[in-house]
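Here's the structure, in structure tokens; my notes come after.
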Amino acid sequence: PLGFAYEADGAHTGVDELEPGIPPPGSESTCEEDNSCPAPMYSVNGKYVGDYSNNPKIFDKSLDRQADFGLDTIEALYYRPIGDWLGYGEFSVSVLFDVENYDRDIFYFCHIHSGMSGRIKFLDATDHMIQEENEPALPYIYDNPSAFDEECGTYGLKQYQLPHPQCPSMFVCQKNQMSAKLKQYSECYDAMNCAMAVGMTTKVEDEISLFIHQMIPHHQNAVNMAKTLLHSDKISCYDLTLETNDCLLNVLLVSIINSQNHQIQVMRGVLESKGLKEDYDCDVAVSGDFTSEDEKRAAAESEDYKLQTDDKPEVPVEPEDTREVSEDNTDSKPMSSEDMTAEENLDSSGSKTTASFLMSIVLCSISLVL
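Structure (structure tokens):
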């Protein structure tokens, strides 16, 4: 759910959020005394789910104000399966900022995923910004996807395109047999798998950090794979509550993105709370021929290979000797009846010898069994 804070990332960094008991920093407001400070008010299907209100248009109540503005109710629903979540109806949030002597910017953020803050500026009655400077500062720069990442539906993968010194020559084989579109899709997987391989070569601080440093790239790869498939045109689902194969897969992909991104945040939080390094990478160069046997076989059968072999001189083949035997050749005489009889006897004795040998093997096998 969307949250609001006086500095970027709100609850993720422990800064003041817009809540009924927190007055705007630097203001002269005493709104904390009766829990009337500016705060978001969350609704589902047009029905407000909290008790607090500083806006009678949404929820009119007595001055006995409460601190519940609906966040606890709303946030719990975001962890439910997307099919259930869609059935809840429309979610909305409203904020009435009625403290007049505050002139700084505020921020919106996501309560589940960090690093997603945006700046909100206040306007006066003439629609001019009350403060033109960007204060407080946003502590990070937004990611601008490269052209390659825009094709893949990801970010940060451009630098891991193959060839890469820390990755094998390929992760997806037989690209020369693919259509141009499938080849481009496969190259996205090559890059994201390379990013995971690079990320999972780490140094060691302790058992916990090793697990996290290895697991974060693994999770990020799953997120990238899910994003790339969703970005393709291969999933057709107009209603995520249907149980078609595409809809079930769509739900699975969204679940992977949401759950594993959240788990990445949890793991990074553990590293920070324990004073462990955020990253502890080590460079491991990859060398050697990692071409698959399928690729080698395909290359051998390619047109280029055939053209190369066509240039080689042909080796003459000796013709079979079809010459007729000369009548003068005294070495070649017709076989006599005695010779033929001797040859037949030889064949017969050879067959008998073979039969006797096989019978001996059978008898030996039987005796072993007995």
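The opening residue of the sequence shown carries number 185 in this note's numbering; numbering runs sequentially from there. Beta carbons are placed, not taken as given, at the ideal position from N, Cα and C, and that holds for glycine. Being a predicted model, the structure only gives us computed values, none of them experimental.
Roughly how many whole angstroms lie between the Cα atoms of residue i and residue j?
i	j	result
E274	V228	6 Å
N434	D423	10 Å
L247	E335	Any reading at L247 must be qualified, since the residue scores a pLDDT of 45, below 50, and its modelled position is unreliable; no value is offered.
I266	A484	49 Å
D287	G302	17 Å
A260	G198	20 Å
Y272	E191	31 Å
D193	E201	9 Å
L341	M376	6 Å
E284	L394	50 Å
Y262	W269	7 Å
L186	F281	16 Å
L426	S420	11 Å
What are the partner residues of residue i, as DSSP defines its beta bridges?
i	result
S276	S227
T386	D465
I206	DSSP, once it has assigned bridges, lists no residue as partnering I206.
E201	A189
L307	M313
G302	Y292
Helix, strand or coil: how does DSSP classify residue i here?
i	result
T257	helix
C294	strand
G234	coil
V407	helix
I242	coil
D268	helix
M354	coil
P329	coil
E334	helix
E284	coil
C431	helix
M376	helix
M362	coil
E522	Confidence is the limiting factor: at E522 the pLDDT is only 47, short of 50, which leaves the residue's position unreliable, though a coordinate-based value still follows. Helix, per DSSP.
I419	coil
E216	helix
S393	helix
Is any heavy atom in the ligand FAD found nearer than 8 Å to the beta carbon of residue i?
i	result
T338	Among the components of this structure there are no ligands whatsoever, and the ligand FAD is therefore not found.
Discussion item. Assess contact between the region 346–361 and the region 387–396, defined as three or more Cβ pairs (one per stretch) separated by less than 8 Å. Is contact present?
Written reply: no
Discussion item. Measuring CB atoms only, is the region 217–225 touching the region 318–334, in the sense that at least three cross pairs come out at less than 8 Å?
Written reply: no
Discussion item. Would the region 458–469 count as touching the region 292–305 if we require 3 or more Cβ pairs under 8 Å?
Written reply: no
Practice prompt. Inspect the CB distances between the region 402–421 and the region 438–450 and report whether three or more fall short of 8 Å.
Written response: yes
Discussion item. Using 8 Å as the cut-off, can you tell me whether the region 409–419 makes contact with the region 364–381, which would need three or more C-beta pairs spanning the two stretches below that distance?
Written reply: yes
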